[in-house]
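Comments concern the structure below.
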Amino acid sequence: MASNPLHGLWTLTNRELKKWYKAPVVLIVTLIQPIVWLAFFGKSMNMASIFTNGSINIPGLNIPKQIIDQIAQAYLKSTFGTTDYFSFLAASMVAQITFFTAMNSGMSIVWDRRLGVLDKLLTTPVPRGSIIMGKVLNSVLRSLAQATIVLIIATLLGMKFNTSLTPLGFALSIVGVYAALTLLALGFSALYLTLALRSTNWQSQMAIINLLNMPLMFASNSFYPIKMMPWWLRPVAYINPLTYVNDITRGLLLGISAFSIPMDFFYLALFAMIFSTMGIVLSWRFLSEG
Amino acid sequence: MLGDSAIKAINLTKRYGPILAVDHINFEVKYGEVFGFLGPNGAGKTTTIKMLTTVTRPTEGTALVGGYDVVKQPAKVREVIGVVPQDFTSDEDLTGWENLMMIAGLYGIPKREAKERAAELLDLVELSHAADRKVETYSGGMRRRLEIAMGLINRPRILFLDEPTLGLDAQTRAAIWSYVFKLKEQLGTTIFVTTHYLEEADQYCDRIAIIDHGRILAIGTPRDLKKTVGGDVVMLQVAGNPEAAVKVLQSIDGLSDVRIVEGFIRFKVNDGSKAAPLIFDVLSKAGIRVTSIAIKEPSMDEVFMEYTGHSLRDEWGSREEVMAMRRIVRTARR
Ligand SMILES: Nc1ncnc2c1ncn2[C@@H]1O[C@H](COP(=O)(O)OP(=O)(O)OP(=O)(O)O)[C@@H](O)[C@H]1O
Ligand SMILES: [Mg+2]
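First to last, the sequence lines map onto chains A and B. Under numbering that gives the first Met the number 0, the first residue of the first sequence carries the number 0, and numbering increases by one thereafter. Under numbering that gives the first Met the number 0, the first residue of the second sequence carries the number 0, and numbering increases by one thereafter.
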């Protein structure tokens, strides 16, 4: 019975996907976070309104509101590349949700070990690498679905796309964004799964997740451009793959890119390849006990 | 490629830190045999199965399963074996049917055939009615039966069962064994089974290995093993000091192996019912009053005691509690 290795891979991916689309609660809960971010940061902290709602009122100097508005616009434009902070933030949310989904894929292998499922998988002829890659693939597909929903919600909330895009250009841009997200999900879920290969302890896994999660989120261009960061944070932001996905998303959808998009893709492809390979190689060694 | 034997363990050893869980064991299982592994808690039964099924690498030694080396050709081994582990391994979030189809997929069984087999197996373990229910709603017995179906979906030539009847009622246990028997008779499946039910080992296994502290103490057919005990086993309780009684009994001709086991005086004698009156006589002359006596033909329990120096029976209650606890703990962790 020479089994096709890809057959097992799809079986395992399908298993994970089933759990997801059969439990809509999980989907809804994972979507709440980016929506909350959008509402809190994107709407309440809308930079434009901070500057323009008349709160800047220097006594003695009677600057006309019109001029303040103009200064604010110029300032926003030079910092964020756009006057529309909401769109700036919304574009980064698709990477954010992908990142969170990938992070949780590490947990699922801990559960498989604890609940005994892994013991069973290890006695079947399915390649060890497929056990990991099934989870990675699941996390990629989930991420893309969730990113789509986030984009739709963001659009409904007022996200504005680059107006110079033709319909075809827009479609191609979306494809480009999905490609970037795929690479991100590949790399991060492989990374977190590799960290969890030997773990039977979900608390320690949670600790690892929490340790990495906030720094990676804030040390990126998700909320503000890198040039606004203190010098010591910048190197982290430049290594952080989230930065490059955000650059691609903003470049393609909003028309504001700080780097070069091909370079972004190159970096992400490298990231995805290194960690996927590492995951597959290490799973052969470390998935079985002892 | 078929070797001479279905399973051949060669100095198979597993060390967990300071614990020698399995200590240089050697045995052979012939094709078509039902081979039982009998031993108390922590004897190393599960560890042995894990090494034979390539889940864990041996620290030392190796084993051939279906002619393939578990260390050097694990992928080959996996294709010829089926495993029903001691702990539950089905995915609780999926239905029984989905679990079976998933495992079938991992063996690369074409979908159509997988469906046929899954339906057949569910019928066999009497779970057809629950096929579309999530496994988390199954009772312990139902889950165990599903596990067995999962272990059979690839029609393995060699099947490993780790305590397949643990915690099941007598009726289900009998049903499972009758199915195991059918596999052996109709498909010639080789079966390696661990159990702590002495009667099951006695009744259903062609050969038994007794394992304790990671070592195999005896191997043979139930009949041969019982023969090695020799004669009947008599268990006595006396009022007062048993040591004095032991001294007296040791002086009687035809009694052998007199010792105190768990508060009873235990010895062997050729014909227990004939010897009993004589024993009463001798003891009462020595001023020792017998409070109870039991004469047994050697059973697997006696065999077990003979080789390990302790009874397996006493552990039953606690074992089942331990298993129940394990299950509760696992559920609570979620
Ligand atoms: N992963 C592990 N790490 C450390 N020690 C282990 C591990 N697995 C088993 N052991 C130890 O190895 C010994 C044998 O355990 P094993 O599970 O093989 O026993 P068993 O005969 O199956 O017992 P039971 O009847 O309780 O299932 C025990 O002392 C156990 O504590
Ligand atoms: Mg065991």
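Idealized CB from N, CA, C, for every residue including glycine. These figures come from a predicted structure and were not determined experimentally.
CA-to-CA, the gap between arginine 77(B) and alanine 62(B) works out to about 13 Å.
A buried status is given to alanine 20(B), since no fewer than 16 other beta-carbon atoms sit within 10 Å of its beta-carbon. In this structure, glycine 157(A) keeps its C-beta atom at 7 Å or more from the C-beta atom of phenylalanine 274(A). With respect to chain B, the C-beta atom of valine 176(A) has no partner C-beta closer than 7 Å.
Here histidine 128(B) is exposed, its C-beta having fewer than 16 other C-beta atoms within 10 Å.
Listed by position along chain A, the residues whose Cβ is nearer than 7 Å to that of threonine 52(B) are Thr122. For proline 163(B), no chain A residue has a Cβ inside 7 Å of its Cβ, as the nearest lies near 14 Å away. By the Cβ rule, the region 34-48 of chain B counts as touching the region 197-206 of chain B, because three or more pairs are nearer than 8 Å.
Restricting attention to alpha helix (DSSP H) runs no shorter than 4 residues, the region 239-297 of chain B encloses them at 241-249, 271-284, ordered along the chain. Threonine 88(B) has a beta carbon lying within less than 7 Å of a beta carbon in chain A. Against chain A, the CB of methionine 141(B) has no partner CB under 7 Å away; the residue lies outside that interface.
Pairing glycine 115(A) with serine 89(B), the inter-Cα distance amounts to about 8 Å. With fewer than 16 other beta carbons inside 10 angstroms of its own, glutamine 69(A) counts as exposed.
The CB of threonine 10(A) comes closer than 7 Å to the CB of Met101, Gly104, Leu105 in chain B, given here in chain order.
Looking at the DSSP output, lysine 7(B) bridges to Glu27(B), Leu63(B). Nearest CB-CB separation between lysine 18(A) and chain B: below the 7 Å threshold. For isoleucine 218(B), DSSP records a beta bridge to Ala208(B).
Straight through space, the alpha carbons of glutamine 202(A) and threonine 171(B) are spaced by roughly 38 Å.
When secondary structure is reduced to three states using DSSP, glycine 7(A) falls in the helix class. Glycine 105(A) places its beta carbon less than 7 Å from that of glutamine 204(A). Lysine 119(A) belongs to the set of residues whose beta carbon lies under 7 Å from a beta carbon in chain B.
Sixteen is the threshold: when 16 or more other Cβ atoms of the shown chains lie within 10 Å of the Cβ of aspartate 161(B), as they do, the residue is buried. Contact with chain B is found for arginine 14(A), since one of that chain's Cβ atoms lies less than 7 Å from the residue's Cβ. Contact annotation: alanine 118(B) and leucine 99(B) have beta-carbon atoms that are not nearer than 7 Å. In this structure the region 50-57 of chain B does not touch the region 217-235 of chain B; the number of beta carbon pairs closer than 8 Å is below three. Closest in C-alpha terms to alanine 8(B), from the list Lys49(B), Val64(B), Arg14(B), Pro84(B), comes Val64(B).
Relative to ligand 2, the beta carbon of threonine 45(B) is positioned inside 6 Å of a heavy atom. Taking the CA atoms as reference points, leucine 210(A) sits about 28 Å from tyrosine 84(A). Boundaries for valine 76(B): no beta strand (DSSP E) harbours it, while the alpha helix (DSSP H) harbouring it runs 73-79, taken from the DSSP string. By the Cβ test, the region 180-199 of chain B is not in contact with the region 279-288 of chain A, since fewer than three Cβ pairs between them sit closer than 8 Å.
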